[in-house]
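According to mature numbering (1 follows the signal peptide of the UniProt record, and there is no 0), the stretch in the sequence shown is residues -17 to -1, 1 to 77, in order.
The beta-carbon is built from N, C-alpha and C at its ideal position, and this holds for glycine as well.
Remember, it's a predicted structure, so these values are computed and weren't measured experimentally.
Report on one structure; see the data block that follows.
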Amino acid sequence: MKKIIFTKLFLFSFSLAQTCDGMFAIYDSCYDANNCDEAYDAVYNLSTSGGLSKSVSEKLAKICKSSCENKKSNVKKLSKEDFQSVFCPNVNKK
(Lines of atoms letter the chains of each structure in order from A and count residues from 1; the text may use other names and numbers.)
(Lines give C-alpha, C1' and ligand atoms only; values in the text may rest on other atoms or scores of the structure.)
Protein backbone atom coordinates (compact mmCIF):
# COMPACT_ATOMS: atom_id res chain seq x y z
CA MET A 1 0.00 0.00 0.00
CA LYS A 2 2.84 2.35 0.84
CA LYS A 3 4.32 1.79 -2.62
CA ILE A 4 1.00 2.74 -4.25
CA ILE A 5 0.82 5.97 -2.24
CA PHE A 6 4.39 6.88 -3.19
CA THR A 7 3.70 6.26 -6.87
CA LYS A 8 0.50 8.30 -6.94
CA LEU A 9 2.03 11.11 -4.96
CA PHE A 10 5.09 11.21 -7.16
CA LEU A 11 2.90 11.64 -10.21
CA PHE A 12 0.70 14.34 -8.72
CA SER A 13 2.46 16.21 -5.96
CA PHE A 14 5.31 17.89 -7.81
CA SER A 15 3.35 19.34 -10.69
CA LEU A 16 0.04 19.95 -8.95
CA ALA A 17 0.79 20.16 -5.23
CA GLN A 18 -0.13 23.79 -4.83
CA THR A 19 -3.28 23.54 -6.94
CA CYS A 20 -6.68 22.34 -5.86
CA ASP A 21 -6.44 19.38 -8.24
CA GLY A 22 -3.12 18.41 -6.68
CA MET A 23 -4.50 18.60 -3.16
CA PHE A 24 -7.50 16.51 -4.19
CA ALA A 25 -5.19 13.91 -5.75
CA ILE A 26 -3.37 13.57 -2.43
CA TYR A 27 -6.65 13.43 -0.50
CA ASP A 28 -7.96 10.79 -2.88
CA SER A 29 -4.78 8.68 -2.73
CA CYS A 30 -4.52 8.78 1.04
CA TYR A 31 -8.15 7.90 1.71
CA ASP A 32 -7.35 4.22 1.24
CA ALA A 33 -4.12 4.16 3.26
CA ASN A 34 -3.99 1.57 6.03
CA ASN A 35 -1.55 3.43 8.29
CA CYS A 36 -2.29 7.14 8.61
CA ASP A 37 1.02 8.01 10.26
CA GLU A 38 3.00 6.27 7.52
CA ALA A 39 0.94 8.04 4.86
CA TYR A 40 1.59 11.40 6.57
CA ASP A 41 5.34 10.71 6.70
CA ALA A 42 5.40 9.52 3.09
CA VAL A 43 3.69 12.65 1.79
CA TYR A 44 5.79 14.97 3.94
CA ASN A 45 9.10 13.35 3.02
CA LEU A 46 8.28 13.13 -0.67
CA SER A 47 7.12 16.74 -0.77
CA THR A 48 10.16 18.14 1.01
CA SER A 49 12.57 16.03 -1.02
CA GLY A 50 10.83 17.31 -4.13
CA GLY A 51 11.66 20.88 -3.20
CA LEU A 52 8.38 22.05 -1.71
CA SER A 53 8.59 24.29 1.35
CA LYS A 54 8.14 22.88 4.84
CA SER A 55 4.80 24.67 5.29
CA VAL A 56 3.41 23.37 1.98
CA SER A 57 4.68 19.86 2.75
CA GLU A 58 3.01 19.95 6.18
CA LYS A 59 -0.27 21.13 4.65
CA LEU A 60 -0.24 18.32 2.10
CA ALA A 61 0.68 15.75 4.75
CA LYS A 62 -2.17 16.97 6.99
CA ILE A 63 -4.62 16.64 4.11
CA CYS A 64 -3.39 13.08 3.64
CA LYS A 65 -3.66 12.16 7.32
CA SER A 66 -7.12 13.72 7.65
CA SER A 67 -8.30 11.79 4.62
CA CYS A 68 -7.00 8.53 6.05
CA GLU A 69 -8.51 9.21 9.49
CA ASN A 70 -11.86 10.12 7.94
CA LYS A 71 -12.08 6.69 6.33
CA LYS A 72 -11.30 4.99 9.64
CA SER A 73 -14.09 7.05 11.24
CA ASN A 74 -16.51 6.07 8.47
CA VAL A 75 -16.73 9.63 7.17
CA LYS A 76 -17.92 9.65 3.58
CA LYS A 77 -15.23 10.37 1.01
CA LEU A 78 -15.61 13.81 -0.55
CA SER A 79 -16.22 14.09 -4.26
CA LYS A 80 -13.86 16.32 -6.20
CA GLU A 81 -16.54 19.02 -6.39
CA ASP A 82 -17.22 18.89 -2.64
CA PHE A 83 -13.50 18.98 -1.89
CA GLN A 84 -13.06 22.04 -4.11
CA SER A 85 -15.97 23.89 -2.55
CA VAL A 86 -14.57 23.31 0.95
CA PHE A 87 -10.81 23.68 0.41
CA CYS A 88 -10.63 25.84 -2.73
CA PRO A 89 -13.67 28.12 -2.66
CA ASN A 90 -12.00 30.85 -4.75
CA VAL A 91 -11.09 28.56 -7.65
CA ASN A 92 -13.00 29.34 -10.83
CA LYS A 93 -15.06 26.39 -12.00
CA LYS A 94 -15.02 25.69 -15.74
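Exercise. If you run the structure through DSSP and keep just helix, strand and coil, what is S62?
Worked result: Mapped onto the sequence shown, residue 62 falls at position 79. In the structure shown, S62 sits in coil (DSSP, three-state: anything other than H, G, I, E or B).
For this session: Please classify T31: does DSSP put it in a helix, a strand, or coil?
Result: By 1-based counting over the sequence shown, the position of residue 31 is 48. If DSSP states are grouped into helix, strand and coil, T31 belongs with the helices.
Exercise. So, helix, strand or coil for C47, using DSSP?
Worked result: Taking the sequence shown and counting its residues from 1, one reaches residue 47 at position 64. In this structure, C47 counts as helix in the three-state DSSP scheme.
Exercise. What do you reckon, are the CB atoms on N18 and C51 nearer than 9 Å?
Worked result: Within the sequence shown, the letter at position 35 stands for residue 18. Within the sequence shown, the letter at position 68 stands for residue 51. Going by C-beta atoms, N18 is nearer than 9 Å to C51.
Exercise. Between the C-alpha atoms of T31 and S49, what's the straight-line distance to the nearest angstrom?
Worked result: Indexing the sequence shown from 1 puts residue 31 at position 48. Indexing the sequence shown from 1 puts residue 49 at position 66. Their backbone Cα atoms lie some 19 Å apart in a straight line.
Problem set entry | Exposure label - S40; buried when at least 16 CB within 10 Å | Start at 1 with the first residue of the sequence shown, and residue 40 comes out as number 57. When all chains shown are included, S40 counts as buried.
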